[in-house]
């Protein structure tokens, strides 16, 4: 069993080279934090012959500075729910596992030939490897947090900041660590904080256990709900090909699986396949015109908006706002439809209502809907006074 797990993790490491997005998703489902950590240490040890670094330094930087920094940046830019403490407990170990695997994969080719390269060439190749690592981190951030491409790119572009900050603190931390490395202190940490340290991997284990249970349930050819839940996991990771396949299986098992039709429509709209999105959403309307708190009306309006059929968009969005008058996303879309119809005064009023809906929303919701206030205010500035 141990040898099989080792072989599987080695396969995942090499899969990163040709299927980075799919590989990161598979690492979340099957990867091992222990293997990822050992891989970083092993690659660092190979590097040691050509670069003046300690074999444990890259892992320490990733675990103590880089990954917490990426968590903080993602929490700020992507407005992740649960607060910083909740995000840390939930996502630290999955993010560290994927980040460590990405770093090991990016640096392995250079580390293997480090001993035979002159220092100048090795430094150039090492810098290229770190650039490739940042490229892989784009997929890591997007998959672990389910962010959009722009947010993932922004997080990666800013992720050097925590490493630079840590470098300024390195000398005092190095002095402090000499005292912290005493046997007495290590015993104290293990005895009193062992449980907390052990919980660092709990987020990854919980996600993998849940995925295994869903896979087991999906073996039942009549269980459309399991297929739907697996589709949601892939959709959250933005692995849309796999998500579409799972939602499609859910619909094939049960044509009345309204949620699956709805999510297929949302994916199709996001990918610009408006005709397919319209077909899926029409099926949802036929089954339940109040599905997802009437959000089906908003989604249909957004599809017609994308097709520049402003009259149809305005009709569906007006019906939606009648049912949910304080939804800023729906108000923003309605403003766009009115603007497209040349009704600038009504559009301005609707955009103002969208901004007001965000301002008066409960505090815990503002971080998720603030985007629509910014977009609405931008459109107000563009409209003639």
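Numbering (my numbering), first residue to last: 1368 to 1752. Idealized CB from N, CA, C, for every residue including glycine.
With 16 other Cβ atoms within 10 Å as the buried cut-off, status of residue i
i	result
residue 1474	buried
residue 1468	buried
residue 1616	buried
residue 1587	exposed
residue 1532	exposed
residue 1611	buried
residue 1735	exposed
residue 1470	buried
residue 1667	buried
residue 1530	exposed
residue 1461	buried
residue 1603	exposed
residue 1431	exposed
residue 1589	exposed
residue 1367	The chain is shown from 1368 up to 1752; residue 1367 falls before or after that span and cannot be answered.
residue 1753	Residue coverage of the chain in this structure runs from 1368 to 1752, which leaves residue 1753 outside it and unanswerable.
residue 1748	exposed
residue 1312	For residue 1312 there is no data in the structure shown, the boundaries of the chain being 1368 and 1752.
residue 1626	buried
residue 1440	buried
residue 1675	exposed
residue 1600	buried
residue 1372	exposed
residue 1358	Past the edges of the chain, shown from 1368 to 1752, lies residue 1358, and the structure says nothing about it.
residue 1614	buried
residue 1730	exposed
residue 1535	exposed
residue 1753	Only positions 1368 to 1752 of the chain appear in the structure, and residue 1753 is not among them; the question remains open.
residue 1386	exposed
residue 1403	buried
residue 1459	buried
residue 1487	exposed
Proximal residues to residue i (C-beta, below 6 Å), its chain only, five neighbours per side dropped
i	result
residue 1696	1739
residue 1706	1714
residue 1388	1506
residue 1501	1523
residue 1654	1625
residue 1519	1505, 1508 and 1509
residue 1636	1644 and 1670
Supposed close pair residue i, residue j - CB separation, criterion 8 Å
i	j	result
residue 1510	residue 1395	7 Å
residue 1724	residue 1694	7 Å
residue 1661	residue 1691	6 Å
residue 1438	residue 1454	6 Å
residue 1526	residue 1433	7 Å
residue 1400	residue 1498	Contact doesn't hold; Cβ gap of about 25 Å is too wide.
residue 1721	residue 1743	4 Å
residue 1700	residue 1746	The Cβ separation is near 11 Å, so there is no contact.
residue 1407	residue 1425	6 Å
residue 1684	residue 1711	Actually they are not in contact, since the Cβ atoms of residue 1684 and residue 1711 sit about 17 Å apart, beyond 8 Å.
residue 1528	residue 1436	7 Å
residue 1330	residue 1681	Only positions 1368 to 1752 of the chain appear in this structure, which leaves residue 1330 out of reach.
Residue i, enclosing alpha helix (DSSP H) - first and last residue
i	result
residue 1411	1400-1414
residue 1697	1695-1707
residue 1396	1387-1397
residue 1483	Element bounds for residue 1483: n/a, residue is neither H nor E.
residue 1674	Here residue 1674 belongs to no alpha helix (DSSP H), and DSSP marks it neither H nor E.
residue 1750	It is not in any alpha helix (DSSP H) - residue 1750 carries neither H nor E in the DSSP assignment.
residue 1439	1434-1445
residue 1533	1527-1535
residue 1514	Neither: residue 1514 is in no alpha helix (DSSP H) and is coded neither H nor E.
residue 1588	Run containing residue 1588: none; DSSP gives neither H nor E here.
residue 1724	1711-1726
residue 1632	1625-1637
residue 1618	1607-1620
residue 1651	1641-1654
residue 1428	1424-1428
Beta-carbon contacts of residue i that lie in its chain and below 8 Å, excluding the five residues immediately before and after
i	result
residue 1479	1413
residue 1379	1390, 1393, 1394, 1397, 1398 and 1468
residue 1620	1588, 1589, 1590, 1591 and 1594
residue 1688	1694, 1697, 1698 and 1701
residue 1737	1446 and 1725
residue 1638	1607
residue 1382	1389, 1390 and 1393
residue 1563	With a pLDDT of only 45 at residue 1563, under the threshold of 50, the placement of this residue in the model should not be trusted; the figure read from the coordinates follows. Answer for residue 1563: no residue qualifies.
Nonlocal neighbours in the same chain, by C-beta distance under 7 Å from residue i, ignoring five residues either side
i	result
residue 1496	1473, 1474 and 1477
residue 1703	1672
residue 1648	1632, 1663, 1666, 1667 and 1670
residue 1392	1510, 1604 and 1606
residue 1634	1602, 1607, 1610 and 1611
residue 1756	Residue 1756 cannot be examined here, being either before or after the span of the chain that is shown, 1368 to 1752.
residue 1741	none
residue 1628	1618, 1647, 1650 and 1651
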